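Asker: Input: one structure, supplied below.
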Amino acid sequence: MTTPLPPLRRMRAAAFLTLATLCAVAAAPASAAATGYPERPLRIIVPFAAGGATDVIARTVAQSMSVRLGQPVVVENKAGANGNIGAVMAARSEPDGYTLLMATSSHAINATLYHKLDYSLTRDFAGLSNLASVPLLLVVNPSVPAKTPQELAAYAKANGNRVNYASGGTGTASHLAGAQFSSLAGAQMTHVPYKGGAQALNDVMGGQVQIMFANLPEVLSQVQAGRLTPIAVTGAQRHAALPDVPAFAETPYTAMNARSWFGLFVPAATPAPVVEKLSQAITQGVSDPAVQDKLKGLGADPVGNGHAAFQQYVNQEVERWSALVRQSGATAD
């Protein structure tokens, strides 16, 4: 014969059972969302124009993701406002794992460059994986009598404010890297912003502007053809595509370590099991030898880290670029 529970214990047991039931009900949507996920095609919003490095990298990894998830992964280009239009669309999408954002280091810069944004990269999104990163390559017109960062710094100081550096626009990585090098070198170089990196590079090759920091994949062919002189790559290591070009870590300007990166995100409220499944599909996709070869062929360094490591990296990047934006005085408002 079972001894009845005392009234107080019966009340506690009933309360515990009710709480457990409520917790199970609350957890059900997340579990249900992940059980059959994905059940329909996914889309990646690329907030830049088709054909650029961001677009090509996204499409390369999307194909590999599709194989692993068993559903088509479609890329949609939503360009505008330095990547902010597409980012807002992704931030406002349903947090169900079917809409992803392909964000870059530009979005980490935008967090400080724009005083008013309709989204936050660190609060409104969950990072899935960093697909790839590329160093910035300091290049000069062949008429500039410099082969090293030290020689370029001496040339810039000797010629006062007559030395100009180009960028793809105010607040871009190329602008901030140029401003940082100018400060470290003690030179008064003049910033010349363009409406895009392609136009800026054309004028550097044409001699209208002498210097530019550019994503390595964007200038690799021009360097190899002798139309631009490479000076150094940002970061701690030389790049396999240009093994004879020193890294800034080998020079007096070791603080020049900025890199452009390309990563995938989902809205922050996306269920954790879905985030995990997506992150695994991406990291496995990036590790595929065919994908690795394609990314390396673009001049990019494959990464493919997990969502926890990537989220920590994004937080650090926002802080690091924030310091450079404030130092440069750049603003987009």
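All letters in the sequence shown, in the order written, are residues -32 to -1, 1 to 301 by mature numbering (1 follows the signal peptide of the UniProt record, and there is no 0). The C-beta atom is built at its ideal place from N, Cα and C for all residues, glycine as well. If you're wondering where the values come from, they're calculated on a predicted model, not measured in any experiment.
1. Note down, in chain order, each residue of its chain lying with its Cβ closer than 6 Å to the Cβ of K245, except the 5 sequence neighbours on either side.
2. Are S34 and F278 close, meaning C-beta to C-beta below 7 Å?
3. What is the DSSP secondary structure of residue 302, counted as helix, strand or coil?
4. Would you grab the beta carbon distance between A182 and L104 for me? Rounded to a whole angstrom, and I think it's under 8 Å.
5. In the region 203 to 238, which residue ranges form an unbroken beta strand (DSSP E) of at least 3 residues, counting only runs that do not cross its ends?
6. Count the other CB atoms within 10 Å of the CB of T3; is the residue buried (16 or more) or exposed (fewer)?
7. Pick from F233, A153, R130 and S189: whose alpha carbon is nearest that of L273?
8. Sort out for me which residues DSSP pairs R130 with in a bridge.
9. Report all residues from its chain with a CB closer than 8 Å to the CB of V172; omit the five preceding and five following residues, and keep chain order.
10. Express the C-alpha separation of L210 and A145 in angstroms, rounding to a whole number.
11. State the start and end residues of the unbroken alpha helix (DSSP H) segment that holds H75.
12. I'd like the span of the alpha helix (DSSP H) that includes A145, first residue to last.
13. Quick check: what's the CA-CA separation for A55 versus A94?
Answerer: Short version:
1. Counted from its first residue, the sequence shown places residue 245 at position 277. Excluding sequence neighbours, K245 sits near nothing in its chain.
2. As a working mapping, residue 34 is identified with position 66 in the sequence shown. As a working mapping, residue 278 is identified with position 310 in the sequence shown. No, these two residues do not count as a Cβ contact at 7 Å.
3. Absent from the structure is residue 302, since the part of the chain shown begins at -32 and ends at 301.
4. The sequence position of residue 182 within the sequence shown is 214, counting from 1. The sequence position of residue 104 within the sequence shown is 136, counting from 1. About 7 Å separates the two Cβ atoms, so the contact holds.
5. With a minimum length of 3 residues, the continuous beta strand (DSSP E) runs that stay inside the region 203 to 238 are 227 to 235.
6. Residue numbering aside, residue 3 sits at position 35 when the sequence shown is read from its first letter. Exposed, since its Cβ has fewer than 16 Cβ neighbours within 10 Å.
7. Walking along the sequence shown from the start, residue 273 turns up at place 305. Reading off the sequence, residue 273 comes out as Asn, not Leu. Residue F233 is the option with its Cα nearest to N273.
8. Numbered from 1 along the sequence shown, position 162 holds the residue referred to as residue 130. According to DSSP, R130 shares a beta bridge with no other residue.
9. For this step, residue 172 is matched to residue 204 along the sequence shown. Excluding residues up to 5 positions away in sequence, V107, V108, N109, A134, Q178, I179, M180 and L196 lie with their Cβ nearer than 8 Å to the Cβ of V172 in the same chain.
10. Looking up residue 145 in the sequence shown gives position 177. Looking up residue 210 in the sequence shown gives position 242. Between A145 and L210, the C-alpha separation is close to 20 Å.
11. Along the sequence shown, read from residue 1 onward, the residue named residue 75 stands at position 107. Looking at the DSSP string, the run of the alpha helix (DSSP H) that includes H75 is S73 to L81.
12. Sequence index remark: in the sequence shown, residue 145 carries index 177 (1-based). Start and end: A141 to A153.
13. Stepping through the sequence shown from its first residue, residue 55 is reached at position 87. Stepping through the sequence shown from its first residue, residue 94 is reached at position 126. Rounded to whole angstroms, the separation of the alpha carbons of A94 and A55 is 13 Å.
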